Amino acid sequence: MRKKLIVGNWKMNLNTHQASVLVHRLEENIETHKDVDVVICPSVMSVQPLNLQVNKRKMKLGAQDAFYEDEGAYTGQVSAAMLHGVVEYCIVGHSERRHVFGETDDVIGKKLAAVVRNKIKPILCVGETSADRSGGETKQVLHDQVTADLRNLTDKEIQNIVIAYEPVWAIGTGDFAKPNQVKEAIEIIRHNVRELYGAKTEEGLRVLYGGSVKPDNAQSYMDVEGVDGLLVGGASLNYKQFSEIVASAHKSAEN
Ligand code: PEP
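Following our numbering from start to finish, the sequence shown increments by one per residue and tops out at 489.
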């Protein structure tokens, strides 16, 4: 049985009280399934209090970002070393980090290494912009991101990471990708990892799709070959929608 992974990225939403209320609602509504792992990624403000609240059998905690140095004169940053023991997962290289905050593959590669070094499972986001896609550059962009971002990790470390294919044009836009576009992109990502690190490494890797996932399209992505789960933004802030997405992951894992 290959487990499905459903990740909720709350982005910069909800104060600690609101986050606690949402966790409460999720715990009431999400059914625990052996074949589905659920991860929520609240603001860094909320990870510590939620670590005390959350029922870890229902869901795990993730961070949305972490800095690559463990400590030092880096005002405003939170390190992976500080998140160690509080979160199990950490998103790295989300498109908003790349495109709003100008993070390069060099920075993302270092962050990925820091997260792994601190025994946190990274969820590396890759994906093309709409200009890349219309210019026929999707394959090259995915290849370049995968190659550059993973360069500091060993084969063994890569076996345990998660990669999320998130086309930038589909994030928060409602303009979701067609399942066959997702299939194609995920084949490219898996092919690149296989070429660089071998078949065993590629088989261990979990690959997610993210971009305007809602309860009514979740199943169609989960049924795509090579997709191990979903990274959900907007719909993860709605407990009913997120619980429905988790339920459809279970349905898909059963088939
Ligand atoms: C995301 O935040 O990674 C994301 C995919 O957002 P949304 O589901 O809102 O498109």
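Don't be surprised by glycine CBs; every beta carbon is placed ideally from N, CA and C. Here the structure is a predicted model, which means the values were calculated and not measured.
Original post:
For the ligand SAM, is there a heavy atom less than 7 angstroms away from the beta-carbon of Ile-405?
Top reply: By its list of ligands, the structure shown excludes the ligand SAM, since it contains just the ligand PEP.
**OP:** For Leu-256, count neighbouring Cβ atoms within 10 angstroms of its own Cβ and tell me buried if that reaches 16, exposed if not.
**Re:** Under this definition Leu-256 is a buried residue.
Subject >> Secondary structure of Asp-389, DSSP reduced to three states >> reply: In the three-state reduction of the DSSP assignment, Asp-389 falls in the helix class.
**OP:** With DSSP as the reference, please indicate the residues paired to Pro-356 in a beta bridge.
**Re:** Note: Pro-356 sits in a beta bridge opposite Cys-324.
Subject >> Paired residues, beta bridge with Arg-440 - DSSP >> reply: The partner list for Arg-440 (beta bridge, DSSP) reads Val-396.
**OP:** Name the residue from Ile-354, Gln-287, Val-360 whose alpha carbon lies nearest to the alpha carbon of Gly-444.
**Re:** Selected option, being the one with the closest Cα: Val-360.
Subject >> Selected residue, minimal CA-CA separation from Ile-423, among Lys-434, Gln-379, Val-458 >> reply: With distances taken between CA atoms, Ile-423 lies nearest to Gln-379 out of Lys-434, Gln-379, Val-458.
Subject >> Own chain, CB closer than 8 angstroms to Arg-428, minus 5 neighbours either side, in chain order >> reply: Close CB contacts of Arg-428 within its chain, under the 8 angstroms cut and outside five residues either way in sequence, are with Thr-435, Glu-436 (chain order).
Original post:
In three-state terms, what does DSSP make of Val-461?
Top reply: Assignment of Val-461 by DSSP, reduced to helix, strand and coil, places it in the coil class.
**OP:** Indicate, with yes or no, if the ligand PEP has a heavy atom lying under 7 angstroms from the CB of Asn-247.
**Re:** Outside the cutoff, so no.
**OP:** Check whether the Cβ atoms of Lys-238 and Ala-487 lie closer than 8 angstroms to each other.
**Re:** Inclusion of Lys-238 and Ala-487 in the CB contact set at 8 angstroms is warranted, their separation being smaller than that value.
Original post:
By the 10 Å Cβ neighbour count, where 16 or more other Cβ atoms means buried, how is Arg-440 classified, buried or exposed?
Top reply: Arg-440 should be labelled buried.
Original post:
Hey, Leu-346 and Asn-289: beta-carbon distance below 8 angstroms or not?
Top reply: Taking 8 angstroms as the cut-off, the beta carbon of Leu-346 is found no closer than this to the beta carbon of Asn-289.
**OP:** May I have the straight-line CA-CA distance separating Lys-268 from Ile-479, to the nearest angstrom?
**Re:** Near 15 angstroms, if we compare the C-alpha coordinates of Ile-479 and Lys-268.
**OP:** Indicate, with yes or no, if the ligand PEP has a heavy atom lying under 7 angstroms from the CB of Asn-451.
**Re:** No.
Original post:
Trp-244: which of Gly-438, His-328, Ile-342, Val-375 sits nearest, CA to CA?
Top reply: Among Gly-438, His-328, Ile-342, Val-375, the Cα nearest to that of Trp-244 belongs to His-328.
**OP:** Measure the alpha-carbon distance for Ser-364 versus Ala-452 and round it to whole angstroms.
**Re:** Rounded to the nearest whole angstrom, the CA to CA distance from Ser-364 to Ala-452 is 22 angstroms.
Subject >> Simplified DSSP assignment, three categories, for Gly-296 >> reply: Gly-296 sits in a strand when the DSSP states are folded into three classes.
**OP:** Out of Leu-295, Val-461, Ile-264, state which residue places its alpha-carbon closest to the alpha-carbon of Met-279.
**Re:** Nearest of Leu-295, Val-461, Ile-264 to Met-279, Cα basis: Leu-295.
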